[in-house]
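Enquirer: Protein chains in written order, with the numbering used here: chain H, 1 to 90; chain Z, 1001 to 1565.
Every residue, glycine too, gets a C-beta built ideally from N, C-alpha and C.
Since this is a predicted model, take the numbers as computed values, not measurements.
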Amino acid sequence: MDYVSPFDERRREAQPLAPRGVALAGATVVLLDINKRRGDEFLDRIEVRLHEHGAQTLREVKEIFSKPAQPELIRRIANRGDLTVEGLAD
Amino acid sequence: MVLCDRGGEEVEVTCEASQREVACLEHAGKPCELALEVDADTEAEHRPVEQMLIVVPADQLSGWTPMPAPDFVLPSVRGGPLGLAELRAGGPVVLVFVAEECPTSTLALRRLAPLAAPLREAGVALAAVFEDPPEVAARVARTTGFSGTALAEPAPYEVSRAYRLEALPTTVLVDRDGEEADRRVGWDAAGLEELLTRACGTAIDVTRDAPAVKPGCAAKSTYDAATIALLDGGADELEDMFARGWTDGLPVVPPTRERVAAMLGGRDPGLVLGEVPPAMGEATLERVAACAVLAGCRPAYFPVVEAAVRAALEPAFNLNGQAVTTQPSGQLVVVNGPIRHALGLNSGMGALGPGTRANLTIGRALRLVITLTGGAAPGRLDRATLGHPGKLGFCIAEDEENSPWEPLHVERGFAPDRSVVTVIASDAPLSISEHRSMGPEELASILGWAAAATWSPNWWPLGATSVYVICPEHRALFAAAGWSKERVREAMFAAVTRPARELQHGETTPFVLAADPDATITKWTSPQEIVVLAAGGEAGRYSALLGPCLGMQAAVVSREVVEST
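1. Hey, how far is the Cα of residue 1201(Z) from the Cα of residue 1126(Z)?
2. Do residue 1412(Z) and residue 1324(Z) have their beta-carbon atoms positioned less than 8 angstroms apart in this structure?
3. Would you list the one or two residues that DSSP bridges to residue 1217(Z)?
4. What does the Cβ neighbour count give for residue 1551(Z), buried or exposed, with the cut at 16 atoms within 10 Å?
5. Could you tell me which residues DSSP puts in a beta bridge with residue 3(H)?
6. So, is residue 1266(Z) buried or exposed, given that buried needs 16 or more other C-beta atoms within 10 angstroms?
7. Taking the alpha helix (DSSP H) that residue 1466(Z) belongs to, which residues open and close that run?
8. With DSSP as the reference, label residue 1349(Z) as helix, strand or coil.
9. Taking residue 1339(Z) as the reference, which of 1357(Z), 1167(Z), 1317(Z), 1300(Z) has the closest Cα?
10. For residue 38(H) and residue 1314(Z), I'd like the C-alpha separation in whole angstroms.
11. Based on Cα-Cα distance, which residue from 1116(Z), 1145(Z), 1352(Z), 1373(Z) lies nearest to residue 1469(Z)?
12. Rounded to whole angstroms, what's the CA-CA distance from residue 27(H) to residue 48(H)? Just pull it up for me.
13. Locate the beta strand (DSSP E) running through residue 994(Z), then write down its first and last residues.
14. Go to residue 1498(Z), then tell me how far its alpha helix (DSSP H) extends in each direction, as first and last residue.
15. Given that residue 1291(Z) touches chain H, what residues does it touch there, using C-beta distances under 8 angstroms?
16. With a threshold of 7 angstroms on Cβ separation, who are the neighbours of residue 1320(Z) within its own chain once the five nearest residues in sequence on each side are excluded?
17. Which residues of chain Z have a Cβ atom closer than 9 angstroms to the Cβ of residue 65(H), listed in chain order?
18. Residues of chain Z with CB under 7 angstroms from residue 68(H), in chain order?
19. Using a Cβ cut-off of 8 angstroms, pull out every chain Z residue sitting near residue 44(H), in sequence order please.
20. For residue 1286(Z), would you say it is in contact with chain H, using Cβ-to-Cβ distances shorter than 8 angstroms as the test?
21. Between the stretch 1458 to 1474 of chain Z and the stretch 1529 to 1545 of chain Z, are three or more C-beta pairs nearer than 8 angstroms?
22. Over the uninterrupted beta strand (DSSP E) stretch that includes residue 1415(Z), give me the two end residues.
23. Quick one: measure Cβ to Cβ for residue 1342(Z) and residue 1309(Z), integer angstroms, because I've assumed they're closer than 8 angstroms.
24. Just tell me which of 1288(Z), 1197(Z), 1263(Z) has its CA closest to the CA of residue 1273(Z).
25. For residue 1454(Z), does the count of other Cβ atoms within 10 angstroms reach 16, so buried, or fall short, so exposed?
26. Quick check on the burial criterion: 16 or more other C-beta atoms within 10 angstroms. Buried or exposed for residue 1359(Z)?
27. Can you tell me which residues form a DSSP beta bridge with residue 1433(Z)?
28. Spell out the partners DSSP gives residue 1558(Z) in its beta bridges.
29. Count the other C-beta atoms from every protein chain shown that fall within 10 angstroms of the C-beta of residue 79(H), then say buried if there are 16 or more, exposed otherwise.
30. Under 8 angstroms, do residue 1563(Z) and residue 1303(Z) count as touching if we go by C-beta distance?
31. Given that a residue counts as buried once 16 or more other Cβ atoms are within 10 Å of its Cβ, and exposed if not, what is residue 1124(Z)?
32. Does the pairing of the stretch 1508 to 1517 of chain Z with the stretch 1537 to 1552 of chain Z give three or more beta-carbon distances under 8 angstroms?
33. Less than 6 angstroms between C-beta atoms, sequence neighbours within five positions excluded: which residues of the same chain meet that for residue 1448(Z)?
34. Kindly list, in the order they appear in chain H, the residues whose Cβ is closer than 9 angstroms to that of residue 1260(Z).
35. Please state whether the Cβ-Cβ distance between residue 1293(Z) and residue 1251(Z) is less than 8 angstroms.
36. Given residue 1483(Z), which residues of its chain have a CB within under 7 angstroms of its CB, disregarding the five upstream and five downstream residues?
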């Protein structure tokens, strides 16, 4: 039987993962707060641990947790950091 | 006997197999090192040579060259479709083709079960592809303890054909480059150990418990069409829909090309309404029509479905957040204007309940667009902790003719004679029984206080839209007092207050935490957060409240229904 699929059957290219194994010492880590309750508490703790390992940190905040990050924010993170840690919450 | 290489080219061999172990072969006139191993524990010597277990390491097959493993997308027993591309994202993939009826498949699944974890740790995905419907695959995976990914491929077994299966189980190694790097047929502990070790790059032990070698069964895909039609309920197109994952869990109407064409009614099938989050599937009009067919819509409903999809895809609605949230909220579709009567939408008795095809299927069509085209399958990208029944579909019409107030679409700036769809992110309905109020203030207060516990008894103000569906008897009381819809809203808003100190504990809003303990806190930020609709049967003083979806900044969005093609 010939059906019309409700799915978008287009194949999507898998995005390659960024290289792993970046050393923390001397690295710049962007801490992304998605703007949800208590996410900042988690990132505060992570930030302390990262400093102990010799990393520098930058903080960024999404406008709202329930919407995709703005392209400009993603570009800024990509340009400024070697690593990103995103703090989910609840 | 005919052997094929991975490219499907026939490899001619001459075979003088003894009843066990090794036969000398010739390929293209030259002796080669191929081995035919037959099961020494069985009556293999009594079987025709075609049924012998053929164990030939793929890279030793003369003339074999690496070939891309055919791509596929199949229903996962955990719900939703899953493709080879997704499986490959982490590295190599080991595919084990099996079927319920094949005892050797059961043996293989049981023995491979404990290896799923070490394979996963080595970055190798282990997936069983069942030549069975999803419900059968799920049961067999469960009973064998198989913890890898389980995919279901019911008839007509196109994936099995693409992989040129002859027998089950067949184990195929797909390497990081997406090429078939190895293949073993039947249960062959030593051969599978080689394959798995090769996949992982580290030694993997496969149990050598007897039987260490066991032939399997013919793949279902090798049978003729008439036989296949009898397998797996393949002749039952309703079961086929479940097998494809084209469902919300209830039976659907199969979207044949004829039905979809009728649904489109001459509209451009390639017209793109937008990308549906969260998976950003492209909502062509044809796919939306397919969802409308699946939902059970009549073609006459399609303009309303299209308008609902257009409204839901407005960025201000933030469908992305709604589709993946752990909250229960779904998408309420409100229909106003003359098309309500043309389609037979129910705004009277049981307006929120079952019984009316137009209401049930229009709401369902929008949900299927989100669930299927958008990929928000419950338990996968839809992460709702509990959900609610309205997520199957939730569409109501306003009883404009028996309302003292202007209908929703007029409130929102449309002419009364226009047909308009409005989408609102909303929770499940809460019924409010109120049979004793004598005045509008008392009634507004009681209706308003029903909202006190929505989202959470402690979460004030809500900061999101609440929907009230006011029944005819309640409307009549307000109308007798000459109350406008705005006055009802303002009275509800004003009635529901608490001192901040009563809310300053547990999980509460930053607003409450920062407030003076004696400050008065309202349940809503403003009366404009309250949407008032008119619907319901004439007898019974039961209105309803639909709680909000929070944290989405989800605007109420309206779109006019365009009936012409």
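Expert: In terms of the structure at hand:
1. Rounded to the nearest angstrom, the gap between the Cα atoms of residue 1201(Z) and residue 1126(Z) is 15 angstroms.
2. Not in contact: residue 1324(Z) and residue 1412(Z) (Cβ atoms no closer than 8 angstroms).
3. For residue 1217(Z), which the question treats as bridged, DSSP gives the partners 1168(Z).
4. By the 10 Å Cβ count, residue 1551(Z) comes out buried.
5. Paired residue(s): 1256(Z).
6. Per the 10 Å Cβ criterion, exposed.
7. Careful: residue 1466(Z) lies outside any alpha helix (DSSP H), inside the beta strand (DSSP E) at 1466 to 1470.
8. When secondary structure is reduced to three states using DSSP, residue 1349(Z) falls in the coil class, being assigned neither helix nor strand.
9. Closest in C-alpha terms to residue 1339(Z), from the list 1357(Z), 1167(Z), 1317(Z), 1300(Z), comes 1300(Z).
10. Using only the alpha carbons, I get a separation of about 30 angstroms.
11. Per the C-alpha coordinates, the member of 1116(Z), 1145(Z), 1352(Z), 1373(Z) positioned closest to residue 1469(Z) is 1352(Z).
12. Going from the Cα of residue 27(H) to the Cα of residue 48(H) covers about 14 angstroms.
13. Outside the displayed span of chain Z (1001 to 1565) sits residue 994(Z), for which this structure offers no information.
14. Residue 1498(Z) -> not in any alpha helix (DSSP H); beta strand (DSSP E) instead, spanning 1497 to 1499.
15. Contact annotation for residue 1291(Z) against chain H: 6 [CB-CB distance below 8 angstroms, chain order].
16. Here residue 1320(Z) has 1277, 1278 as same chain residues with Cβ atoms under 7 angstroms from its own Cβ, once five neighbours each way along the sequence are excluded.
17. Going along chain Z in sequence order, the residues near residue 65(H) (Cβ under 9 angstroms) are 1321, 1551.
18. The contact set of residue 68(H) on chain Z, defined by CB atoms closer than 7 angstroms, consists of 1320 in chain order.
19. Under a criterion of Cβ atoms nearer than 8 angstroms, no residue of chain Z is adjacent to residue 44(H); the nearest Cβ is some 17 angstroms distant.
20. Interface residue, yes.
21. Touching, yes.
22. Note, residue 1415(Z): premise wrong, no beta strand (DSSP E); not H, not E.
23. The beta-carbon separation of residue 1342(Z) and residue 1309(Z), rounded to 19 angstroms, does not stay under the 8 angstroms limit for a contact.
24. Cα-wise, what sits closest to residue 1273(Z) is 1288(Z).
25. Answer is buried; the Cβ neighbour count reaches 16.
26. Classification for residue 1359(Z): buried.
27. Looking at the DSSP output, residue 1433(Z) sits in a beta bridge with 1542(Z).
28. Answer is 1422(Z).
29. With fewer than 16 other Cβ atoms within 10 Å, it is exposed.
30. Pairing residue 1563(Z) with residue 1303(Z) gives a Cβ-Cβ distance under 8 angstroms.
31. Residue environment for residue 1124(Z): buried (at least 16 other C-beta atoms within 10 angstroms of its C-beta).
32. Pairwise C-beta distances place the stretch 1508 to 1517 of chain Z out of contact with the stretch 1537 to 1552 of chain Z, as fewer than three of them are shorter than 8 angstroms.
33. Beyond the five residues adjoining it in sequence on each side, residue 1448(Z) comes within less than 6 angstroms, by CB distance, of 1492, 1495, 1496 in the same chain, given in chain order.
34. Listed along chain H are 3, 4, each with a C-beta nearer than 9 angstroms to that of residue 1260(Z).
35. Taking 8 angstroms as the cut-off, the Cβ atoms of residue 1293(Z) and residue 1251(Z) do not count as close.
36. Counting only Cβ-Cβ distances below 7 angstroms, and skipping sequence neighbours, we find 1440.
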